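Enquirer: From first to last, the protein sequence lines are chains A and B.
Following the numbering used here, the numbering of the first sequence begins with 24 at its first residue and continues without gaps.
Following the numbering used here, the numbering of the second sequence begins with 264 at its first residue and continues without gaps.
Don't be surprised by glycine CBs; every beta carbon is placed ideally from N, CA and C.
All figures in this text were calculated on a predicted structure; none of them were measured in a lab.
One structure follows; several queries about it will come next.
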Amino acid sequence: MADTPVHAFLDFEKTIAELEGKIEELRHLNDGGDVSIVDEVERLQTRVNRELTQIYSNLTAWQKVQVARHPARPHCLDYVSALVSDFTPLAGDRTYAEDHAIIGGLGRINGQSVVVIGQEKGHDTESRVKHNFGMARPEGYRKAQRLMELADRFGLPVVTLVDTAGAYPGIGAEERGQAEAIARSIEVCLNLRVPIVSLVIGEGGSGGAIAIAVADQVLMMEHAVYSVISPEGCASILWRDGKFATDAANALKLTAQDLLQLGVIDEIVSEPVGAAHRGGDRAIRAAGKAIAEALSDLCGTDGAVLRQNRRKKFLKMGDTAGI
Amino acid sequence: MNWLNNYVRPKIRSLVGAKSDVPENLWLQCPSCEQMLFHRDLEANLNVCSNCGHHMRLPARRRLDTLFDDGAYTEIELPDNVADPLKFRDRKRYTDRLKDSRSSTGRQDAIIVAHGTVGGQKAVIAVFDFLFMGGSMGIAVGNGIVAGAQLAVLQEAAFIVIPSSGGARMQEGILSLMQMPRTTIAVQQVKEAGLPYIVLLADPTTGGVSASFAMLGDIAVAEPGAIIGFAGARVIEETIREKLPEGFQRAEYLLEHGMIDMVVPRHDLPESLGRVIGLLGQKSSGAEIIPVTAATAAPDADSGGDGAAPAD
Ligand SMILES: [Zn+2]
Numbered sequence: 024m025a026d027t028p029v030h031a032f033l034d035f036e037k038t039i040a041e042l043e044g045k046i047e048e049l050r051h052l053n054d055g056g057d058v059s060i061v062d063e064v065e066r067l068q069t070r071v072n073r074e075l076t077q078i079y080s081n082l083t084a085w086q087k088v089q090v091a092r093h094p095a096r097p098h099c100l101d102y103v104s105a106l107v108s109d110f111t112p113l114a115g116d117r118t119y120a121e122d123h124a125i126i127g128g129l130g131r132i133n134g135q136s137v138v139v140i141g142q143e144k145g146h147d148t149e150s151r152v153k154h155n156f157g158m159a160r161p162e163g164y165r166k167a168q169r170l171m172e173l174a175d176r177f178g179l180p181v182v183t184l185v186d187t188a189g190a191y192p193g194i195g196a197e198e199r200g201q202a203e204a205i206a207r208s209i210e211v212c213l214n215l216r217v218p219i220v221s222l223v224i225g226e227g228g229s230g231g232a233i234a235i236a237v238a239d240q241v242l243m244m245e246h247a248v249y250s251v252i253s254p255e256g257c258a259s260i261l262w263r264d265g266k267f268a269t270d271a272a273n274a275l276k277l278t279a280q281d282l283l284q285l286g287v288i289d290e291i292v293s294e295p296v297g298a299a300h301r302g303g304d305r306a307i308r309a310a311g312k313a314i315a316e317a318l319s320d321l322c323g324t325d326g327a328v329l330r331q332n333r334r335k336k337f338l339k340m341g342d343t344a345g346i
Numbered sequence: 264m265n266w267l268n269n270y271v272r273p274k275i276r277s278l279v280g281a282k283s284d285v286p287e288n289l290w291l292q293c294p295s296c297e298q299m300l301f302h303r304d305l306e307a308n309l310n311v312c313s314n315c316g317h318h319m320r321l322p323a324r325r326r327l328d329t330l331f332d333d334g335a336y337t338e339i340e341l342p343d344n345v346a347d348p349l350k351f352r353d354r355k356r357y358t359d360r361l362k363d364s365r366s367s368t369g370r371q372d373a374i375i376v377a378h379g380t381v382g383g384q385k386a387v388i389a390v391f392d393f394l395f396m397g398g399s400m401g402i403a404v405g406n407g408i409v410a411g412a413q414l415a416v417l418q419e420a421a422f423i424v425i426p427s428s429g430g431a432r433m434q435e436g437i438l439s440l441m442q443m444p445r446t447t448i449a450v451q452q453v454k455e456a457g458l459p460y461i462v463l464l465a466d467p468t469t470g471g472v473s474a475s476f477a478m479l480g481d482i483a484v485a486e487p488g489a490i491i492g493f494a495g496a497r498v499i500e501e502t503i504r505e506k507l508p509e510g511f512q513r514a515e516y517l518l519e520h521g522m523i524d525m526v527v528p529r530h531d532l533p534e535s536l537g538r539v540i541g542l543l544g545q546k547s548s549g550a551e552i553i554p555v556t557a558a559t560a561a562p563d564a565d566s567g568g569d570g571a572a573p574a575d
């Protein structure tokens, strides 16, 4: 949530926690408006900002993973409520169920009618359970397909917001074709004759993420991550011990900065000092601006050309031989 | 298009070339029925247990030998790519893992692409080699699928892909994930050319491979007992803390749940695949469509012509 206080300090934010603790104490003392205390608070606040700038411009890959998963980081619905007017949620895959892990619907961004699709993790116990922590079942991906096809039919651009640890691993999900649902969703993204813009807002977790992120423009928040496997999962397979997640995070090259260099994403959206969990509103505003710009760049292009360019772009991914 | 400068692999090569290191007198135990099997008998029986019918994995090269008519086919050379784009290192360097797999399998990566005929029908087959880093899909495998699909389109041939893969190759990070859309585009090109795209799901087909081209076949065939699914069984068990049902993620289980068209025993595959391609390809093979006679076509002549089909 944009204005949720930062409850949890990450382990590399110890100095920040101390400084903010002091500020809190001083503010508590300062009922009478003591000028020296006001000065001291201001001085400490400057230090906090300096420290935050310092820490956040040098985050390791593993620290980024923690930031990307921070519970106070703005989630999909925060972006939607701030950026999408007339948002009209649409439910169900018309086959089996409504999956709250993927929200979707119609709305307007800067006056332009769009279809919005995104993974929502939830912000408290109740909503996390409702949204299954952002881990979709096949129904979620089939709803996404349905909404993308709706967008295609009505000529509406598609905006997707990616934030998931991955597709849900469960018996029912497998029985109802999790693999097929993801594969088909990728195929539908590739078939669209309308612009599709994706923004990775937190965690881009493997197949569950790419299913809705095969886009003309793939944007990523400055401290988001996007990977083929979680660092923990990678460590437990390749290092045979989940404790090596730090090494795995480094090796996987999962930060926005790495991905831009690899040509997998197109643009990084800056977050405020100390990341989006400290300045949700500013982060969301920056995201809104980037999405609107991407949409206006794409909106004039013919549908067949859009589709062809999108396919060309993804056909080249990793190919260095130039077939 | 360097992969089109392919070379003809003499038929004889497949007979004498693929020497196994298995000692002549070795006996193996069937993991399913525990019967002791003489390895040469097992090999001659396409790695299917003669006692219980259990299908063990079949080496990639033998797939091609057994599926193409008379075991005759032409392998194509695949384009080179940057071998280690992320400079990945876990307990071991990725380049060393690649080197090991290359020397033990004698091939560059986990896929072979070849063309020939299956049941008299033109076909391009891309087959995974599970022995090469678990058949994992990185850029090189992506190259194989893309090249195979483009070759099928050029030759107006059916495209058959035979995955046997644990999923994406972690050592290529996000670039391996990007092979999911990439291979999907490749098979879209085959489909849009009006050619059959057939997937033969072999053990195992999981992760990023199952969640892309492998689940998009016009026809999905699986081998008996093959494990097919998205998430690994261990991950699911750890997540839900329940025991998995009997036969979970096996080919027969997927058939039961409507996820594949058929489960076909290995010995019947050449005939089945040839028949399916023949049936799908009838239009392009120039066969004449037998006109429906006036008597059988008559019923809707007086239905009012509003185009609505009668409900039945
Ligand atoms: Zn047996």
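Does the beta carbon of B/Leu576 sit closer than 9 Å to a beta carbon anywhere in chain A?
Expert: Lying before the first or after the last residue shown, residue 576 of chain B is absent from chain B, which here runs from 264 to 575.
Enquirer: Given this structure, state the Cα-to-Cα distance separating A/Ala327 from B/Ile448, to the nearest angstrom.
Expert: Approximately 15 Å, taken between the alpha carbons.
Enquirer: Thinking A/Ser250 and B/Ile437 are a contact (beta carbons under 8 Å), I'd like their distance in whole angstroms, please.
Expert: Going by Cβ atoms, the distance from A/Ser250 to B/Ile437 rounds to 6 Å, so yes, they are a contact pair.
Enquirer: Got a sec: is the Cβ-Cβ distance from A/Lys276 to anything in chain B below 9 Å?
Expert: Judged by the 9 Å Cβ criterion, A/Lys276 is in contact with chain B.
Enquirer: Would you grab the beta carbon distance between A/Leu184 and A/Gly141 for me? Rounded to a whole angstrom, and I think it's under 8 Å.
Expert: A/Leu184 to A/Gly141, Cβ: 3 Å. Contact.
Enquirer: Cβ atoms of A/Leu277 and A/Val296: under 9 Å apart, would you say?
Expert: In this structure, A/Leu277 does not lie closer than 9 Å to A/Val296 by Cβ.
Enquirer: Let's see if you can read the secondary structure: which residues bound the alpha helix (DSSP H) around B/Asp359?
Expert: First-last of the alpha helix (DSSP H) with B/Asp359: Tyr357 to Thr368.
Enquirer: For ligand 1, enumerate in chain order all residues having a CB closer than 6 Å to any of its heavy atoms.
Expert: Output, sorted by chain position: B/Cys293, B/Ser295, B/Cys296, B/Gln298, B/Cys312, B/Asn314, B/Cys315 and B/His317.
Enquirer: Could you compute how far the alpha carbon of B/Val577 sits from the alpha carbon of B/Phe476?
Expert: Outside the modelled stretch of chain B, which goes from 264 to 575, sits residue 577 of chain B, for which no answer is possible.
Enquirer: Is any beta-carbon of chain B found at less than 9 Å from that of A/Ile39?
Expert: Taking Cβ atoms only, chain B never reaches closer than 9 Å to A/Ile39, which makes this a no.
Enquirer: For a cutoff of 9 Å on Cβ pairs, would you count A/Asp175 as touching chain B?
Expert: Judged by the 9 Å Cβ criterion, A/Asp175 is not in contact with chain B.
Enquirer: Report the neighbours of A/Pro192 on chain B: residues whose CB is nearer than 7 Å to its CB, in chain order.
Expert: In chain order: Ala494, Val498, Ile499 and Thr502.
Enquirer: In the DSSP assignment, find the alpha helix (DSSP H) that holds B/Tyr516 and state where it starts and stops.
Expert: Segment Ala514 to Glu519, the alpha helix (DSSP H) holding B/Tyr516.
Enquirer: Contact between the stretch 315-323 of chain A and the stretch 229-244 of chain A: three or more CB pairs below 8 Å?
Expert: At 8 Å Cβ cutoff, the stretches touch.
Enquirer: Which residues in the same chain as A/Leu275 place their Cβ atom closer than 8 Å to its Cβ, once the five residues preceding and following it in sequence are excluded?
Expert: Closer than 8 Å at the Cβ level, and outside the excluded window around A/Leu275, lie Ala84, Ser250, Val251, Ile252, Pro254 and Cys257.
Enquirer: Which residue's Cα is closest to the Cα of B/Phe391: B/Met400, B/Lys385 and B/Gly383?
Expert: It is B/Met400 whose Cα lies nearest to the Cα of B/Phe391.
Enquirer: Shorter than 9 Å from the beta carbon of B/Ile437 to some beta carbon of chain A?
Expert: It does; some Cβ of chain A falls within 9 Å.
Enquirer: Could I get the ranges of all uninterrupted beta strand (DSSP E) runs contained in the stretch 219-272 of chain A, with 3 residues as the minimum, in chain order?
Expert: Fully enclosed beta strand (DSSP E) runs of 3 or longer: 219-228, 240-244 and 248-250.
Enquirer: Who are the near neighbours of A/Ile288 in its chain, counting only those whose CB is closer than 8 Å to its CB and skipping five residues on each side?
Expert: For A/Ile288, where only same-chain residues beyond five positions count, the Cβ hits under 8 Å are Val223, Val241, Leu242, Met243, Tyr249, Ala279 and Leu282.
Enquirer: Give a yes or no on whether 9 Å exceeds the smallest Cβ distance from B/Gly405 to chain A.
Expert: Yes, B/Gly405 lies at the interface with chain A (some Cβ there is under 9 Å from its Cβ).
Enquirer: So, with DSSP's three-state summary, where would you put A/Ile307?
Expert: DSSP places A/Ile307 in helix when its eight states are reduced to three.
Enquirer: So, using beta-carbon positions, are A/Asp34 and A/Gln68 closer together than 9 Å?
Expert: No. Outside cutoff.
Enquirer: Within 10 Å of its beta-carbon, does B/Tyr357 have 16 or more other beta-carbons around it, so buried, or fewer, so exposed?
Expert: Looking at its Cβ environment, which holds 16 or more other Cβ atoms inside 10 Å, B/Tyr357 is buried.
Enquirer: Closer than 8 Å is the cut-off here; do at least three beta carbon pairs connect the stretch 338-351 of chain B with the stretch 419-431 of chain B?
Expert: Cβ pair count under 8 Å is below three, so no.
Enquirer: Taking the straight line between their C-alpha atoms, what separation do you get for B/Ala208 and A/Ala190?
Expert: Any answer about residue 208 of chain B is impossible in this case: the structure gives chain B only from 264 up to 575.
Enquirer: Taking the alpha helix (DSSP H) that B/Gln384 falls in, what are its first and last residues?
Expert: Here B/Gln384 belongs to no alpha helix (DSSP H); instead the beta strand (DSSP E) covers Gln384 to Phe391.
Enquirer: According to DSSP, simplified to helix, strand and coil, what is B/Pro444?
Expert: It is helical.
Enquirer: Considering only residues of the same chain and omitting the five flanking positions on each side of A/Leu49, which have a CB-CB separation below 7 Å?
Expert: Around A/Leu49: Ile60, Glu63 and Val64.
Enquirer: Determine, using beta carbons only, whether B/Ser427 comes closer than 9 Å to chain A.
Expert: Closer than 9 Å: no.
Enquirer: Going by C-alpha to C-alpha distance, which of B/Gln442, B/Ser439, B/Leu327 and B/Glu435 sits closest to B/Val387?
Expert: Nearest option by C-alpha distance: B/Leu327.
Enquirer: Compute the distance between the beta-carbons of B/Val311 and B/His302, then report whether it is under 9 Å.
Expert: No, Cβ-Cβ distance for B/Val311 and B/His302 is not below 9 Å.
Enquirer: Short of 8 Å in beta carbon distance, which residues of its chain neighbour A/Ile209, apart from the five on each side in sequence? Order them along the chain.
Expert: So the qualifying residues of the chain are Ile233, Ala234 and Val237.
Enquirer: Thinking C-beta only, is A/Tyr164 closer than 9 Å to A/Ile125?
Expert: Yes; because the gap between Cβ atoms is below 9 Å, this pair is in contact.
Enquirer: Does any CB atom of chain B fall closer than 9 Å to the CB of A/Arg301?
Expert: No, A/Arg301 does not count as interfacial toward chain B.
Enquirer: To the nearest angstrom, how far is the alpha carbon of B/Arg365 from that of A/Val103?
Expert: Computed Cα separation, rounded: 49 Å.
Enquirer: Quick one: grab the DSSP three-state call for B/Ile339.
Expert: Here B/Ile339 sits in coil by DSSP.
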